[in-house]
Amino acid sequence: MLLLGGTGEASALASALAARGIDACFSYAGRVKEPRPQPLPTRVGGFGGIEGLARYLLEERITHLVDATHPFAAQMSMHAVAAARIAGVPLLALSRSPWMPQAGDLWQRVPDLAAALKALAGPPRRVLLAIGRTHLSEFAACPQHHYVLRLVDPPTEPVALAHHDVLIDRGPFSVEGDLAVLKRHRIELVVCKNAGGEGARAKLLAARQLGVPVLMIERPVLPPRAEVHTVEAVLDWLAHTPPV
Ligand code: 3Y8
Ligand code: NAP
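Residue numbering for the sequence shown follows my numbering, beginning at 175 and increasing consecutively.
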């Protein structure tokens, strides 16, 4: 089995597979310097597009493919659907439901990054930009704000934002930790992706508690595929989906 990882759910599934002695390989893209070690044989790096993944599935005689990548890893998920079809390998996605606003939340929901940038027009504010490293430079279109960036690794090149602070930290995050971040940096707006799950939710709970507005970037559309939301459902699928 090949497990496309990089999320808390992927790690939970990896532990369950290892505990059952299931012959599985864990896959990271290699986006951060020290990805969390997994209890499974692990490969790091791209496959070389759809063809590369299809070839990998055939050469490694993969009988089941599970896509447990992040909801914003849209290209990987699209490649998984295409390559699984080419290789004739059953595919299942392990995903998490999007966050929904609760009482007390001050959300502005936008469909994508471009809409988020439009929503950032207007007077200068102190903004927690909790969307990682990719796309940071696009916020230079709104230079009036003071940005607090949260990155997994220190930036390798200068950040193209006039006024910014950098926090180096990786999740899962805690509510008390994110309350401290919002207070210490006097955050007036949180910008984030609708990742879902627990690992990144803390900033939303902290923002609700402090009455800080959130600019929520909704997920990209993914191709249709079989999808479950729990580790148990994946194990059940594995048990009832014979290798083709
Ligand atoms: C390399 C592998 C686990 C997985 C933990 C989850 C939770 C903590 C919260 C904020 C939001 C953000 C970011 C985030 C979270 C989990 C999960 C999650 C968000 C690691 C990891 C890898 C990555 C890649 C990284 C991206 C970045 C995104 C930071 C490991 C730690 C912002 C997504 O510097 C970079 O290039 C970073 C790239 C893709 C988004 C971006 O575009 O910058 N994740 N994150 C994976 C690989 O190489 O395949 O070390 O664990 C994993 C996790 N990060 O096992 O417990 O389940 O989502 N990851 C977002 O949600 O917006 C931080 O700061 O509040
Ligand atoms: P992406 O844009 O959808 O994918 C870009 C390319 O990266 C893919 O075409 C593939 O390269 C490679 N890739 C992506 N995930 C991979 C994996 N698990 N194993 C091997 N190769 C992978 O992906 P992304 O958004 O950069 O996400 C990269 C990783 O970070 C994933 O593991 C994802 O789960 C994790 N992550 C992403 C986010 C996010 O906000 N995007 C948040 C948390 C975690 P080839 O075409 O060469 O095969």
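C-beta: ideal position from N, C-alpha, C; glycine also.
Thr-243 vs Leu-178 beta-carbon contact at 8 angstroms
yes
Do the CB positions of Val-326 and Ile-361 come within less than 8 angstroms of each other?
no
Say the cut is 7 angstroms; is the CB of Val-263 nearer than that to a heavy atom of the ligand 3Y8?
no
Going residue by residue through the stretch 233-261, where are the continuous alpha helix (DSSP H) segments of at least 4 residues, counting only ones entirely within it?
248-261
Have a look at the DSSP bridge pairing and note the partners of Met-175.
The partner list for Met-175 (beta bridge, DSSP) is empty, contrary to what the question assumes.
Any heavy atom of the ligand SAM closer than 7 angstroms to the beta-carbon of Arg-205?
With respect to the ligand SAM, the structure offers nothing, as its ligand set consists of the ligand 3Y8 and the ligand NAP.
For a test of the three-state rule: what should DSSP assign to Ile-224, helix, strand or coil?
helix
Within 10 angstroms of the Cβ of Lys-207, are there 16 or more other Cβ atoms? Answer buried if so, exposed if not.
exposed
Taking 7 angstroms as the line, does the beta carbon of His-403 fall inside it for any heavy atom of the ligand 3Y8?
no
With H, G and I counted as helix, E and B as strand and the rest as coil, what does DSSP make of Trp-273?
coil
For the ligand 3Y8, is there a heavy atom less than 7 angstroms away from the beta-carbon of Phe-347?
yes
Cβ-heavy atom distance, Tyr-202 to the ligand NAP, below 7 angstroms
yes
Same chain only: Cβ atoms within 6 angstroms of Pro-275, ignoring 5 sequence neighbours per side:
Trp-281
Quick one: what's got a C-beta closer than 7 angstroms to Ala-381's C-beta in the same chain, skipping five residues either side?
Leu-356, Val-364 and Val-388
Flag Thr-243 as yes when its Cβ comes closer than 7 angstroms to any non-hydrogen atom of the ligand NAP, and as no otherwise.
yes
Considering Asp-410, what are the terminal residues of the alpha helix (DSSP H) in which it resides?
405-414
Cβ neighbours of Gly-371 in the same chain (closer than 8 angstroms, five flanking residues each side left out)
Thr-181, Gly-182, Glu-183 and Arg-270
Between which residues of its own chain and Pro-394 is the CB-CB distance below 8 angstroms, once the five residues before and five after are set aside?
Pro-245, Phe-246, Ala-248 and Asp-286
Look up Leu-214 in the DSSP assignment and say whether it is helix, strand or coil.
coil
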